[in-house]
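Working notes, beginning with the structure itself.
Residue numbers (our numbering): 49 to 302.
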């Protein structure tokens with residue numbers, strides 16, 4: 049990711065909705081060295097910030113609705129959530145959760161692109177988002193897994209004004225050319241029941257060692273460590289509750 053802080057239109061935060069918050073705290077502490085701190089306020093509903101040093105890097109939360117899947121979610125920074133929600137609808141997307149205020153921290157909404165991939169919008173007030181990017185244990189890339197690449201490319205460029213860097217094998221998203229993520233077309237190798245979704249990638253020092261740590265902590269490996277042509281060494285993992293996330297070797301950036 050060529051971004052090192054939250055900027056309008058870019059990824060600013062990622063959070064896990066999980067069926068077992070305490071187990072998730074233990075797992076990610078073992079795998080990434082995160083230090084979790086749960087908001088003690090009853091109205092926060094168990095919302096837990098994960099820290100590396102003094103920097104908040106992600107959140108872990110209980111599931112708030114019966115229909116909510118166990119999954120990682122990606123948030124994008126916007127100057128005005130309500131305006132962006134209207135832009136999402138005008139471009140063919142849908143609203144999953146209407147805009148709402150989160151204490152004095154900011155305002156957010158949950159929306160979906162025309163292909164069904166769900167993501168979040170964040171209008172910062174006292175909380176801008178992650179305090180660290182691209183460092184081991186921190187968010188470093190976001191990837192859209194979709195079955196409708198042409199449709200959603202038009203959607204995201206309309207809503208966010210993203211730049212598109214497309215090659216024969218991979219499409220990268222950027223802000224004024226500063227790439228922060230990519231897009232993969234979900235082909236036959238993906239089970240039909242797996243919906244389009246956003247997948248966060250976290251930087252690590254050693255992909256093999258982190259995959260092994262995930263396994264030892266009760267998780268699994270969905271894609272074994274592999275080197276991407278002209279790209280980083282990566283793997284895709286699954287936590288014990290079923291949430292999927294990616295990792296890549298931080299030294300391979302750029």
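The C-beta atom is built at its ideal place from N, Cα and C for all residues, glycine as well.
- Here residue 91 carries a helix assignment [DSSP, helix/strand/coil].
- Per DSSP, reduced to three states, the secondary structure at residue 74 is helical.
- When 151, 229, 79, 97 are compared, the shortest CA-CA separation from residue 87 is found for 97.
- Between the alpha carbons of residue 112 and residue 93 lies a distance of about 8 Å.
- Residue environment analysis places residue 245 among the buried positions, since at least 16 neighbouring C-beta atoms fall within 10 angstroms of its C-beta.
- Residue 124 has 59, 169 as its beta-bridge partners, per DSSP.
- Beta-carbon to beta-carbon, residue 108 and residue 153 are separated by about 16 Å, too far to satisfy the 8 Å threshold.
- In this structure, the beta-carbon distance from residue 225 to residue 206 does not fall below 8 Å.
- Distances from the alpha-carbon of residue 171 to those of 133, 150, 125 put 125 closest.
- Per DSSP, the unbroken beta strand (DSSP E) holding residue 229 starts and ends at 226-233.
- Rounded to the nearest whole angstrom, the CA to CA distance from residue 250 to residue 115 is 26 Å.
- Restricting attention to 277, 294, 276, the CA atom closest to the CA of residue 283 is found in 294.
- Three or more pairs of CB atoms, one per stretch, sit closer than 8 Å, so the region 189-207 contacts the region 162-170.
- Counting along the chain, residue 199 sits inside the alpha helix (DSSP H) bounded by residues 197-208.
- The beta carbons of residue 285 and residue 266 sit no closer together than 8 Å.
- DSSP places residue 174 in the coil class of the three-state scheme, outside both helix and strand.
- Burial check for residue 156: the Cβ neighbour count within 10 Å reaches 16 or more, so the residue is buried.
- At a Cβ-Cβ threshold of 8 Å, residue 194 and residue 233 count as neighbours.
- Sequence-distant Cβ neighbours of residue 60 in its own chain, meaning closer than 8 Å and more than five residues away, are 54, 123, 124, 125, 170, 172, 176, 177, 178.
- Between residue 110 and residue 51, the alpha-carbon positions lie close to 29 Å from each other.
- When the Cα atoms are used, residue 298 and residue 49 turn out to be separated by approximately 10 Å.
- For residue 115, there is no enclosing beta strand (DSSP E), as DSSP marks it with neither H nor E.
- Here residue 185 is buried. Its C-beta has 16 or more other C-beta atoms within 10 Å.
- Distances from the alpha-carbon of residue 290 to those of 104, 279, 263, 276 put 263 closest.
- In this chain, residue 52 is not harboured by any beta strand (DSSP E), its DSSP state being neither H nor E.
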